[in-house]
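Chains as they are written, first to last, in this note's numbering: chain A, 18 to 219; chain B, 18 to 219. C-beta: ideal position from N, C-alpha, C; glycine also. Note sheet for the following structure.
There are 2 protein chains.
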Amino acid sequence: MAPPPAPQTMKERILQTADKLFYLQGIRAIGVDTIAAEVGISKRTLYNHFPSKDALIAAYLERRFVSARPSDKPPAEQILATFDSLERRFAAKDFRGCPFVNAVAELGPGDRAVKKIAIAFKESRRLWFRDRLTELGVAEADALATQLVLLVDGSIAQDLVRDDPAMARAAKEAAKVLLRNAGVDVGEDANPAEKRSECAPD
Amino acid sequence: MAPPPAPQTMKERILQTADKLFYLQGIRAIGVDTIAAEVGISKRTLYNHFPSKDALIAAYLERRFVSARPSDKPPAEQILATFDSLERRFAAKDFRGCPFVNAVAELGPGDRAVKKIAIAFKESRRLWFRDRLTELGVAEADALATQLVLLVDGSIAQDLVRDDPAMARAAKEAAKVLLRNAGVDVGEDANPAEKRSECAPD
DNA sequence: TTTTGGGTACACAGACCTGTGCACTTAGGC
DNA sequence: GCCTAAGTGCACAGGTCTGTGTACCCAAAA
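Next comes the structure, spelled out in C-alpha cells:
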C-alpha cells in the first residue's frame, strides 16, 4: 500500500517548505507565517511541531547536512566530479550559495548553534577531500584538501554574486593544477602553453 | 580647545558607525534607531542626511569599495602580499567576511542595487590580479586572475565560519603553485617532494 | 458513544521596524 | 538683535515579527 495522499509526515512537509523559502529568500527574510501559509497549515500547527523559529532553523540546516554518497569511481575522478556537479548546481536558477555560509553571514556572530553546524559541515567536506587524496597516496593530503575546499567555497561565493557557472570550471582547472603538482594524474594537461611542443595533437 | 568632539562631518560620522554595526552585526540585524543612538544623534538627523535605510546601506557599501593603493613592489610580491594582508585581517577579531558577499547573502536576490555594487567590487579585485599578471607576462592572465580570486573568496568564506587565519596561508600556498605553474618565479619551492624526476614516467 | 489527538481559525500581546510630523533649542552669520 | 540652518526630543502611524491563548472541528480509537 503506497501512501499517496500523505506523501510525507507533517514535520517533513514543513521542513521542505522552510528549506525552499529559507534558502532562496534568506532566513531573516522569511517569517513563520509565510512558511505556514505556503505549507497550507495554521501557524499553531507549525509551532506544535517546532517549539521556535530557532529550532526550525536548526532543523533546516541539519537537514541540509547530507553526507556525500560513496562512489566506486577512482578518487581523482571523484574529486574533479565535485566541480562538475558544482557547475551544474550553479547553472540551476535556484542556486543561492552555501546555506551554511549564508546562515552564518545572516545570523551574525552571536548565533553559536548555527556556527557550530556550519563548521561541522565545512570540516566534513574537507575531510572527504582528504580521504580521497589519502587514497591517492598524496603526502600532504591534509593541506591539499584545505586548498581544494578553498576553491569550492571561492567559486560558490563568486557565483553567488556574479551568477556565473564558469566559476566552477575555473575552480576545476585550478584544482587540476594543484593535484598535478601533488603528483596526481589528472589526465591531459589543460595548459597548452609553450612547455609542450611535440606530442600535442589538437 | 580646537574641535576634538567633531572630527568629521556628520555624514561621515553616521557612515562610520553604520559601517561598524552593519558589518559586525549584519545589515538586517541593525535598525536605524541603533545607529542614531550609537552616533549620539536623533533619528531625525539621520534621516536628514540619508533619505532611507536603503540609501544608507548603499552608501555603506560604496564606502567599503576602496581601490587598492598602487605599489612599487614587484607584481609577484604584490600578489602574494595580498594573502598576507588577508591573514592579518583574519586574525583581527573584528573581521567578519566580505561585506559585499554578506550583503548579497543577507538581502537576497531581490536587491538589484546591492548585487550590482558587489559584482563591480569582485570584478575590480579580479582585474587587479589580472593587471599584475599581465605585468608579469603571464599568457593566461585572465583565467589565472579568476583562479586567484577564488582562493581569496574561498579563504574569506572559510574564515568566516571557522575563524581560522590559517586559511589565508593555505590560499597563499595554493596561489604559489598556480603562479609557478604559469611560469612566475615565486621564490623557493614550497614542495620539496619527489617531483624532481623530470623525464621518468612511473 | 465517548474520548482524545491533531488540526483550524483567529485574535492578540509585546516587541521591533521604518519613516514622518512638529514644536523646540542652539549657534553662527548678517 | 534677527534670521537661518542644523539638530533635538518625542510622539506616532503603520507595518512586521515571534509566540500564545482560545474555542472549535473532525476522525479514529476505545
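query = Is Leu-78/B near Ala-120/B, with beta carbons less than 9 Å apart?
reply = yes
ask   = Which two residues bound the contiguous alpha helix (DSSP H) that contains Glu-79/B?
value = 70-81
inquiry  = What would DSSP say about Leu-153/B, mapped onto helix, strand or coil?
reply    = coil
query = Considering only the beta carbon of each residue, do Ala-76/B and Leu-32/B sit closer than 9 Å?
reply = yes
request  = Please compile the residues from chain B whose C-beta is within a distance smaller than 8 Å of the C-beta of Lys-60/A.
outcome  = The premise fails here: Lys-60/A is roughly 22 Å from chain B at the closest Cβ pair, so nothing lies under 8 Å.
request  = State the CB to CB distance for the pair Phe-100/A and Ala-158/A, rounded to an integer number of angstroms; the pair is presumed to be in contact (CB under 8 Å).
outcome  = Not really, about 18 Å apart at Cβ, beyond 8 Å.
request  = Please name the residues in the region 61-95 of chain A whose beta-carbon is closer than 9 Å to at least one beta-carbon of chain B, in chain order.
outcome  = none
request  = Name, going along the chain, the residues of the region 158-188 of chain A whose beta-carbon falls closer than 9 Å to a beta-carbon of chain B.
outcome  = Ala-160, Leu-161, Thr-163, Gln-164, Leu-165, Val-166, Leu-167, Leu-168, Val-169, Asp-170, Gly-171, Ser-172, Ile-173, Ala-174, Gln-175, Leu-177, Val-178, Arg-179, Asp-180, Ala-183, Met-184, Ala-187, Ala-188
request  = On a CA-only basis, which of Pro-91/B, Leu-165/B, Phe-112/B is nearest Gly-43/B? Give me that one, please.
outcome  = Phe-112/B
ask   = Between Arg-30/A and Ser-84/A, what straight-line distance do the alpha-carbon atoms span, to the nearest angstrom?
value = 21 Å
message = Going by C-alpha to C-alpha distance, which of Leu-38/A, Leu-177/A, Glu-104/A, Leu-196/A sits closest to Asn-146/A?
response = It should be pointed out that residue 146/A corresponds to Phe in this sequence rather than to Asn. Residue Leu-196/A is the option with its Cα nearest to Phe-146/A.
request  = Please confirm if the region 100-110 of chain A is in contact with the region 60-71 of chain A, defined as three or more CB-CB distances below 8 Å between the two stretches.
outcome  = no
inquiry  = If I follow the unbroken alpha helix (DSSP H) through Val-194/B, where does it start and stop?
reply    = 183-198
request  = Give the C-beta separation of Arg-179/A and Lys-139/B to the nearest angstrom, bearing in mind that I take them to be a contact with Cβ-Cβ under 8 Å.
outcome  = 6 Å
task = Within the same chain, show all residues whose beta-carbon is closer than 6 Å to that of Lys-70/A, passing over the 5 residues directly before and after it, in chain order.
result = Val-49
Assigned secondary structure, Arg-45/B (DSSP; H/G/I helix, E/B strand, else coil) = coil
query = Cβ of Ala-35/B within 9 Å of Cβ of Ile-58/B?
reply = no
ask   = So, using beta-carbon positions, are Arg-135/B and Val-155/B closer together than 9 Å?
value = Here residue 135/B turns out to be Ala, not Arg, going by the sequence shown. Not closer than 9 Å, so no.
task = Give the DSSP-derived three-state secondary structure of Gly-171/B in the structure shown.
result = helix
Burial state of Ala-199/A, where buried means 16 or more other Cβ atoms lie within 10 Å = buried
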